[in-house]
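> Take this structure, written in structure tokens, and hold onto it; I'll ask about it next.
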Amino acid sequence: MNILVIGGGGREHTLVWKLHQSPKAGQIYAIPGNPGMAGAAVCVADISIEDNEAMVRFAREKQVGLVVVGPEVPLTHGVVDAMNAAGIKAFGPTKLAAEIEGSKAFCKNLMKKYGIPTAKYEIFTEAEAAKRYIRQEGAPIVIKADGLAAGKGVIVAATEAEALAAIDEIMCDKAFGSAGSRVVIEECLVGEEASLLTFTDGQTIVPMISSQDHKRAYDGDQGPNTGGMGTYAPAPVATPEIVARAQREILDPVIAAMRAEGRTYKGCLYAGLMITKDGPKVIEFNARFGDPETQVVLPLLESDLVDIMLACADGTLQDLDIRWSSGAAVCVVMAAGGYPKSYHKGDAITGLEAAAQAGTVVFHAGTSQKDGQIVTNGGRVLGVTAKAGSIREAVELAYQGVEKIHFAGAEYRKDIAHRALERLNK
Ligand code: AMP
Ligand code: GLY
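In terms of the working numbering, the sequence shown is residues 147 to 572.
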């Protein structure tokens with residue numbers, strides 16, 4: 147079966163890498179893809195991931211039997227609806243269902259209506275009213291732009307002044323454009339975070355192995371929020387009891403809620419959880435695989451990903467037995483100097499072969515090819531990933547890979563998986 151993967155980052159490289167291992171996979175195409183996929187997928191750079199018609203035409207022409215959508219933007223633009231209307235199976239939620247990520251206000255209201263545990267909140271469209279609420283509630287407090295802001299529209303304010311400044315930035319200066327015309331202001335949850343990605347066909351929802359992302363740019367969880375600087379799986383904080391509780395109190399109810407709202411959700415639903423002293427609470431839902439969570443979750447999947455994705459599209463997930471490796475995986479993101487603010491592009495990358503020989507898998511996130519050389523082409527450039535018997539071994543191996551790779555201004559966190567190691571040391 148021919149497969150089309152939409153997207154061109156580290157998550158999509160990982161999806162291609164895993165799909166390519168399936169005996170059921172025929173030719174794999176990627177729009178736009180990236181140079182890391184060479185050998186596993188044909189990359190098609192001249193079609194926009196925002197052009198549904200062109201993507202449907204391409205899928206028809208290449209007799210694609212399964213479309214896999216990576217990023218949130220094409221999902222919120224209804225690419226799955228467009229493929230389905232053309233009779234092509236697609237893995238991912240429809241436009242209506244993807245709103246669970248596309249609008250934080252929708253998501254929060256859904257959770258309130260169906261009693262799904264999350265932080266207490268209010269929604270504002272007026273800066274003055276938002277500021278009054280902040281003064282009333284005090285700090286710490288969390289400010290979120292309503293719409294999509296590439297993972298950067300959230301400010302966890304430690305002081306009232308910081309919170310008020312965030313309102314000016316989001317609502318008055320429009321730092322995130324129209325995504326900030328509405329803001330959600332919510333209670334600051336205390337605990338440790340875990341990501342629970344799931345497979346769902348709209349009825350059955352099956353959690354993948356848990357993982358943890360490192361959203362801050364610098365060691366010790368300092369600095370600005372980023373798309374994610376590294377991940378590990380499984381996350382020891384997500385014990386079997388916590389996962390069972392999340393299934394009962396969060397996952398099963400949200401899938402039922404989406405059905406009841408006429409927005410049946412299929413694909414990967416990503417639950418960003420805070421494990422509080424009162425149990426798991428939802429920080430956010432994403433309508434897609436996490437990036438870079440995918441880079442550590444899929445290497446631990448032993449079952450065939452094509453089978454699972456088709457079952458999600460067909461509504462037969464209940465019949466599948468999904469198996470996971472008992473090991474662990476770690477991904478260290480190598481970013482361009484300056485990320486998440488402005489950064490340089492076009493710097494030559496060396497040592498990719500050596501990192502592979504050292505036993506790591508290097509997923510490309512922001513690279514391109516120039517005169518036969520792989521060069522940097524994004525903020526997050528590479529995800530150096532290692533799988534091993536334990537988190538500790540996987541951390542060691544991943545950093546051995548990182549040390550082999552060089553490009554001008556490369557930055558990476560040196561403490562990926564520190565929380566897991568602390569917990570395991572106890
Ligand atoms: P989000 O984009 O919603 O995942 O938010 C980005 C990050 O901000 C999360 O991963 C958390 O670290 C933090 N965050 C978001 N909401 C809250 C909250 N209510 N309480 C504490 N931290 C939060
Ligand atoms: N790694 C966070 C996300 O994918 O949203």
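Even for Gly, the Cβ is constructed at its ideal location relative to N, Cα and C.
(1) Examine the Cβ distances between the region 473–485 and the region 376–387 and report whether three or more of them are shorter than 8 Å.
(2) Please tell me whether, using a cut-off of 7 Å, the distance from the CB of residue 371 to the nearest non-hydrogen atom of the ligand GLY is below it.
(3) So residue 537 and residue 498 are supposed to be a Cβ contact under 8 Å. How far apart are they, rounded?
(4) Please classify residue 165 as buried or exposed, where buried requires at least 16 neighbouring CB atoms within 10 angstroms.
(5) For residue 466, which of helix, strand or coil comes out of DSSP?
(6) Among 431, 202, 250, 215, which one has its Cα closest to the Cα of residue 231?
(7) Using three-state DSSP, classify residue 229 as helix, strand or coil.
(8) So the alpha helix (DSSP H) residue 394 belongs to, where does it begin and stop?
(9) Just how far apart, CA to CA, sit residue 408 and residue 240?
(10) Report all residues from its chain with a CB closer than 6 Å to the CB of residue 561; omit the five preceding and five following residues, and keep chain order.
(11) Pick out the complete alpha helix (DSSP H) segments inside the region 400–432, 4 residues or longer, and give them in chain order.
(12) For the region 428–439 against the region 452–464, do three or more pairs of beta-carbon atoms, one drawn from each stretch, fall closer than 8 Å, so that the two count as touching?
(13) Measuring CB to CB, does residue 215 end up less than 8 Å from residue 228?
(14) Decide yes or no for the touch test of the region 210–226 against the region 422–430: beta carbon pairs closer than 8 Å, at least 3 of them.
(15) Does the region 242–260 come into contact with the region 285–292, if we say contact requires no fewer than three beta-carbon pairs (one atom in each stretch) closer than 8 Å?
(16) According to DSSP, which residues form a beta bridge with residue 533?
(17) Do you know how far the Cα of residue 272 is from the Cα of residue 317?
(18) Residue 406: which of 256, 355, 416, 545 sits nearest, CA to CA?
(19) Taking 7 Å as the cut-off, does the CB of residue 418 come closer than this to any heavy atom belonging to the ligand AMP?
(20) Three or more C-beta pairs closer than 8 Å, one from the region 523–532 and one from the region 188–195: is that the case here?
(21) Is the CB-CB distance between residue 177 and residue 152 below 8 Å?
(22) Assign residue 517 to buried or exposed, taking buried as 16 or more other Cβ atoms, counted over all protein chains shown, within 10 Å of its Cβ.
(23) What is the rounded straight-line gap between the Cα of residue 359 and the Cα of residue 419?
(24) Quick one: grab the DSSP three-state call for residue 183.
(25) Please state whether the Cβ-Cβ distance between residue 310 and residue 331 is less than 8 Å.
(26) Which one or two residues does DSSP pair with residue 519 in a beta bridge?
For this structure:
(1) Inter-segment contact for the region 473–485 and the region 376–387 is present: three or more beta-carbon pairs are separated by less than 8 Å.
(2) As a working note, residue 371 is residue 225 in the sequence shown. Checking every heavy atom of the ligand GLY against the Cβ of residue 371, none is found closer than 7 Å.
(3) Numbered from 1 along the sequence shown, position 391 holds the residue referred to as residue 537. Numbered from 1 along the sequence shown, position 352 holds the residue referred to as residue 498. About 24 Å; that fails the 8 Å criterion.
(4) Your numbering for residue 165 matches position 19 in the sequence shown. Residue 165 comes out buried.
(5) The sequence position of residue 466 within the sequence shown is 320, counting from 1. Residue 466: coil per DSSP, three-state reduction.
(6) Taking the sequence shown and counting its residues from 1, the one referred to as residue 231 is at position 85. By alpha-carbon distance to residue 231, the top candidate from 431, 202, 250, 215 is 202.
(7) Position 83 of the sequence shown, counted from the first residue, corresponds to residue 229. Reduced to three states, the DSSP call for residue 229 is helix.
(8) Along the sequence shown, one-based indexing puts residue 394 at 248. Note, residue 394: premise wrong, no alpha helix (DSSP H); not H, not E.
(9) Residue numbering aside, residue 408 sits at position 262 when the sequence shown is read from its first letter. Residue numbering aside, residue 240 sits at position 94 when the sequence shown is read from its first letter. Rounded to whole angstroms, residue 408 to residue 240 spans 11 Å at the Cα level.
(10) Taking the sequence shown and counting its residues from 1, one reaches residue 561 at position 415. Annotation for residue 561: 365 place their beta carbon closer than 6 Å to its own, counting only its chain and skipping 5 residues before and after.
(11) You should have found no qualifying run.
(12) Output reads no: the region 452–464 does not touch the region 428–439.
(13) Residue mapping note: residue 215 aligns to position 69 of the sequence shown, counting from 1. Residue mapping note: residue 228 aligns to position 82 of the sequence shown, counting from 1. For residue 215 and residue 228, no; Cβs fall outside 8 Å.
(14) Verdict: no, contact absent.
(15) These segments touch.
(16) Counted from its first residue, the sequence shown places residue 533 at position 387. Residue 533 pairs with 475.
(17) Residue numbering aside, residue 317 sits at position 171 when the sequence shown is read from its first letter. Residue numbering aside, residue 272 sits at position 126 when the sequence shown is read from its first letter. In a straight line, the C-alpha of residue 317 is about 8 Å away from that of residue 272.
(18) Residue numbering aside, residue 406 sits at position 260 when the sequence shown is read from its first letter. A check of alpha carbon separations from residue 406 across 256, 355, 416, 545 identifies 256 as the nearest.
(19) Position 272 of the sequence shown holds residue 418. Answer for residue 418: yes, Cβ within range of the ligand AMP.
(20) No: fewer than three Cβ pairs fall under 8 Å.
(21) Residue 177 sits at position 31 when you count from the first residue of the sequence shown. Residue 152 sits at position 6 when you count from the first residue of the sequence shown. When the beta-carbon positions are compared, residue 177 and residue 152 come within less than 8 Å of each other.
(22) To locate residue 517, count along the sequence shown from 1; it is residue 371. Exposed: under 16 other Cβ atoms inside 10 Å.
(23) Translated into the one-based positions of the sequence shown, residue 359 becomes position 213. Translated into the one-based positions of the sequence shown, residue 419 becomes position 273. Rounded to whole angstroms, residue 359 and residue 419 show a C-alpha spacing of 11 Å.
(24) What you label residue 183 is simply residue 37 of the sequence shown in a count that begins at 1. Of the three classes helix, strand and coil, the one that applies to residue 183 here is helix, per DSSP.
(25) Along the sequence shown, one-based indexing puts residue 310 at 164. Along the sequence shown, one-based indexing puts residue 331 at 185. No, the Cβ-Cβ distance between residue 310 and residue 331 is not below 8 Å.
(26) As a first step, residue 519 must be located in the sequence shown, where it is residue number 373. DSSP lists 516 as partners of residue 519.
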